[in-house]
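Peer 1: Protein chains in written order, with my numbering: chain A, 1 to 453; chain B, 454 to 965. We put the beta carbon where it would ideally sit given N, CA and C, even for glycine. The structure under discussion is supplied below as structure tokens; questions concerning it will follow.
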């Protein structure tokens, strides 16, 4: 039995039960049937495991220590559970063998109560086979004091490997393929453990070494999008690799042209567009022809193909970009728009870049992927700087999976325009703070990325 | 519990050593592995998880050192540690196959082998592990954002104008059930889609913009892989892409004995599609490979495939039979027969001269092949010599071929032959082919002759007369003129039941 699928299924079975007890009497067939299905499935799981544990940690739900990922399929169920546990301040729920149908129904009933009543019921009622752990007040803030060491190590190691890879190609030296494979798997693991954490690191941009950070950011964004749509690890590894290598053809184009600030002439633009072709050649040279590089070759070639059949290199009408190429197309555009470069010294605000993608679905971007990408990043992506109705300035630290337009922010500038180390505020919770509008952090002399290190 | 943990570690250690010594299919390994799996899965049923922290030379479970080994090559801990693995957890639901693969991956000997990569690529559902990159101190500096003097609000307005989007539009990114379904099928399609055709197309498209040696080399490398795994469909796709580059000899590498001999496996595959793709791929081979391909032809079991292969080789040969001619000297009748057939398909001008020695060849298969080849090469005059062959099958084949060719010089001979008593002694199939020949070449006079045979027992006694009558009726139906048909119609109404039956049957088999 696959634990991950078991967890997803059980969450999926809990959702209709909870909805049923909200509407029907506990003896109604709808409730009884839903509870029956839940307990039957749990009983089946108890044949291979002694207990079933759901833990909520930093907006992630863990099922017997395996993180249940937010995916398009089952997204609503998981989002619901996360919201419920968050509202009722539940840290974990443990179900034990010999769990009864009656217990499940009773527990679902008290879950629908308000916070105070729920806590009272939990402490007074005795559930023989259900244990609930309530979040302690001091644990709430702990949620945001994250140990980012492992993520940072992964990110910067990946950056180093990407830089070495490209520099070695530029100088015609041997490329360390093994390192890049390890880096990709490390990124896949990071995405699978904490996609919001690693996504936050994509706010790190580099004006001088644009291509390295950009390649890595595209890889991370693609992995997060790939995971959200439900790709398995093998395909995630291929996708991550393709994202990392999508612009590798630029090593065949002169640095002067790549870094040129002025508008490119027609000839220069023509040369620049050849990087899609050159990418194919570079990947062939460095990686040979395993399955991962075949995917990377295709993505490198197609990552400027638009959804409506336009784009470059020229193609026949019947040729459609692969799913991976369509994913990288979106992530590449998003990261490119939000990064300052020679010819684009003022980057697009993250929320604005997202709206550009949203508005160009069907034309440039796959509409379904554009929607999922928006779900993933939220209306105000991590790293966005927000003017608040309180006159303060907040930085989006984390997406709220259940309310994509109300992220968690850190207050970084007070009403008097002073830089402060303010609190982290969940805009989805009852708070006076509202978003007035997104703004440029540069106005306040802020480098958003610094807050994620 | 401590005992249980110790038992698991003992089982783990023994299985690891046994794998290194014997490999996974050896009974000695299974002797240790099976109880190890059993005890571990029992533990997991009770506790859901069995986790181990990895130190340089030791493994730790719940803060207790449960394994220590400082000999690097022998140490499980060191092997894991050196590749950055810092913890491992086995989860309930662990299968025997997963555990087996795990032991296999961690015990592989090569120094270049990276266990972390190996474990990652196994994609385990019930084994998790935590890998760190090297402990090197990396640069966590955030790159500077260049300060520029610009009115950001104004810049944002310009960007909104440039992009022509409604900045306040409501965004609802929920997917409807249909979109979720579409996405799922998209993913399934992507997972099922073969990578090779896409990458071949990509490389082919690239070549249309620039003739790059790297791309050509890449395609040739894929071609080599395809041939190695006998994926002739993709091999053919690549050949089509490369054939436009005359300087690139992409097929030469396959025109050797080893490769061509390896094609024997594909000659009798059950799937026709694979064989047909192979034939199409073979179309790119050059003449130099013909002698080698002829060598594998005797391995073809099905006659239709053999025939198709002969035609493919003849196609490769073009008008030049030189590569086949050397086989006309062969002592091996199979090789000789194939060479004869292919020369017949090529139809060189001197076919009759080339085949002259085979009129008296001792092997009747060779003589039959010669008749077929001469027929294919439209050489009826040369076939005539085989009408008197000592073997009935050869004669039949020759008569049959002559019946389909224009060769009137045999007509009087054969017309005379049917009047001989000796004709009655011939095999029926030969008699029938003689009549078929006569039907194909006959004139008005033949109708009269056949009518006489049908009605008058002319030239023959009663013996075997029934057979002759039916052959005559059949011939009349093949002649199929008004006069011939009138005879058959009248015959059908005769009181003589034998005549009526012969005519009735002949009319039924009349060509439409």
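1) Residues of the region 56-77 of chain A in Cβ contact with chain B at a cutoff of 8 Å, in chain order, please.
2) Would you call the region 91-98 of chain A and the region 246-256 of chain A touching, i.e. three or more CB-CB distances under 8 Å?
3) If you follow the alpha helix (DSSP H) that residue 92 (chain A) is in, where does it begin and where does it stop?
4) Helix, strand or coil for residue 466 (chain B)? Go by DSSP, reduced to three states.
5) Using 10 angstroms around the beta-carbon of residue 693 (chain B), count the other beta-carbons present and answer buried if the total reaches 16, otherwise exposed.
6) Would residue 137 (chain A) count as contacting chain B if we go by Cβ distances under 8 Å?
7) Can you give the Cα-Cα distance for residue 348 (chain A) and residue 338 (chain A), rounded to whole angstroms?
8) For residue 329 (chain A), which residues of its own chain have a beta-carbon under 6 Å away from its beta-carbon, when the five flanking residues on both sides are left out?
9) Starting from residue 573 (chain B), find everything on chain A with Cβ-Cβ shorter than 7 Å and list it in chain order.
10) For residue 113 (chain A), which option in A:227, A:18, A:257 and A:359 has the closest C-alpha, if you only look at C-alpha atoms?
11) So, are the CB atoms of residue 790 (chain B) and residue 822 (chain B) less than 8 Å apart?
12) Evaluate residue 203 (chain A) with the Cβ neighbour count: other Cβ atoms within 10 Å of its Cβ, from every protein chain shown; 16 or more gives buried, anything less gives exposed.
13) Taking 8 Å as the CB-CB cut-off, is residue 567 (chain B) touching chain A?
14) What's the C-alpha gap between residue 367 (chain A) and residue 71 (chain A)?
15) Roughly how far, in whole angstroms, is the beta-carbon of residue 651 (chain B) from the beta-carbon of residue 298 (chain A), given that I think they are within contact range, below 8 Å?
16) Interface residues of chain B around residue 19 (chain A) at Cβ under 7 Å?
17) Is DSSP giving residue 65 (chain A) helix, strand or coil here?
18) Going by alpha carbons, who is nearest to residue 756 (chain B) out of B:783, B:777, B:782 and B:787?
19) Ignore the nearest five residues each way along the sequence and tell me which others in residue 568 (chain B)'s own chain have a CB closer than 7 Å to its CB.
20) So, is residue 116 (chain A) buried or exposed, given that buried needs 16 or more other C-beta atoms within 10 angstroms?
21) Tell me whether the beta-carbon of residue 148 (chain A) lies closer than 8 Å to the beta-carbon of residue 197 (chain A).
22) In angstroms, rounded to a whole number, what distance separates the CA positions of residue 153 (chain A) and residue 237 (chain A)?
23) Please classify residue 669 (chain B): is it buried, with 16 or more other beta-carbons within 10 angstroms of its beta-carbon, or exposed?
24) Considering only residues of the same chain and omitting the five flanking positions on each side of residue 466 (chain B), which have a CB-CB separation below 6 Å?
25) For chain A, check one thing: does any of its Cβ atoms lie closer than 8 Å to the Cβ of residue 971 (chain B)?
26) To which residues of the same chain is residue 141 (chain A) closer than 7 Å at the C-beta, ignoring the five residues directly before and after it?
27) When the distance is taken between beta carbons, is residue 853 (chain B) closer than 8 Å to residue 886 (chain B)?
28) Could you have a look at residue 958 (chain B) and say whether DSSP puts it in helix, strand or coil?
29) For residue 291 (chain A), return the contacting residues in chain B, with the cut-off set at a CB-CB distance below 9 Å.
30) Sorted by chain position, which residues of the same chain lie with C-beta nearer than 7 Å to residue 518 (chain B)'s C-beta, five sequence neighbours on each side aside?
31) Return yes when the Cβ of residue 244 (chain A) is within less than 8 Å of the Cβ of residue 334 (chain A), no when it is not.
32) Kindly confirm or deny that the region 3-13 of chain A and the region 33-48 of chain A touch, where touching means at least three C-beta pairs closer than 8 Å.
33) Quick one: which unbroken alpha helix (DSSP H) runs of 4-plus residues sit fully inside the region 817-857 of chain B? Chain order, please.
34) Is there at least one Cβ from chain A nearer than 8 Å to residue 662 (chain B)'s Cβ?
35) With DSSP collapsed to three states, give me the class of residue 341 (chain A).
36) Residue range of the alpha helix (DSSP H) that residue 921 (chain B) falls in?
Peer 2: In short:
1) Within the region 56-77 of chain A, the residues whose Cβ lies closer than 8 Å to some Cβ of chain B are 64, 65, 66, 72 and 73, listed in chain order.
2) Judged by pairs of C-beta atoms under 8 Å, the region 91-98 of chain A does not touch the region 246-256 of chain A, as fewer than three such pairs exist.
3) Not the alpha helix (DSSP H): residue 92 (chain A) falls in the beta strand (DSSP E), residues 90-96.
4) Helix at residue 466 (chain B).
5) Of the residues assessed, residue 693 (chain B) falls on the exposed side of the cut-off, its CB having fewer than 16 other CB atoms within 10 angstroms.
6) With 8 Å as the cut-off, residue 137 (chain A) does not count as an interface residue toward chain B.
7) Per the coordinates, the alpha-carbon of residue 348 (chain A) lies some 5 Å from the alpha-carbon of residue 338 (chain A).
8) Hits under 6 Å: 303.
9) 185, listed in chain order.
10) That would be A:18, whose Cα lies nearest to the Cα of residue 113 (chain A).
11) Yes, these two residues count as a Cβ contact at 8 Å.
12) Flag for residue 203 (chain A) reads buried.
13) Yes, residue 567 (chain B) lies at the interface with chain A (some Cβ there is under 8 Å from its Cβ).
14) Their Cα atoms are separated by approximately 17 Å.
15) Yes, residue 651 (chain B) and residue 298 (chain A) are in contact; Cβ-Cβ is about 5 Å, under 8 Å.
16) In chain order: nothing, as chain B lies at least about 17 Å away.
17) In the three-state DSSP reduction, residue 65 (chain A) falls in the coil class, being neither helix nor strand.
18) Of the listed residues, the one whose Cα sits closest to residue 756 (chain B) is B:787.
19) The answer, listed in chain order, is 532, 533, 536, 538, 558 and 559.
20) By the neighbour-count definition (other C-beta atoms within 10 Å, threshold 16), residue 116 (chain A) is an exposed residue.
21) Between residue 148 (chain A) and residue 197 (chain A), the CB-CB gap stays under 8 Å.
22) Those two C-alpha atoms are separated by around 19 Å.
23) Buried, since its Cβ has 16 or more Cβ neighbours within 10 Å.
24) Counting only residues of its own chain and dropping the five nearest sequence neighbours on each side, residue 466 (chain B) has no CB closer than 6 Å to any other CB.
25) The structure shown does not extend to residue 971 (chain B), since chain B is modelled only from 454 through 965, so no value can be given for it.
26) Any answer about residue 141 (chain A) is weak, because its pLDDT of 49 lies below 50 and its placement is not dependable; what the coordinates show is given next. Within the same chain, no residue comes within 7 Å of residue 141 (chain A) by CB-CB distance, once the 5 residues on both sides are set aside.
27) Taking 8 Å as the Cβ cut-off, residue 886 (chain B) and residue 853 (chain B) qualify as a contacting pair.
28) Correct three-state label for residue 958 (chain B): helix.
29) The contacting residues are 648.
30) The residues are 511.
31) Result no, Cβ atoms of residue 334 (chain A) and residue 244 (chain A) do not sit closer than 8 Å.
32) Yes, they touch.
33) List check, alpha helix (DSSP H) in window: 817-829, 833-836 and 845-857.
34) Taking Cβ atoms only, chain A reaches closer than 8 Å to residue 662 (chain B), which makes this a yes.
35) Strand at residue 341 (chain A).
36) Its alpha helix (DSSP H) spans residues 918-932.
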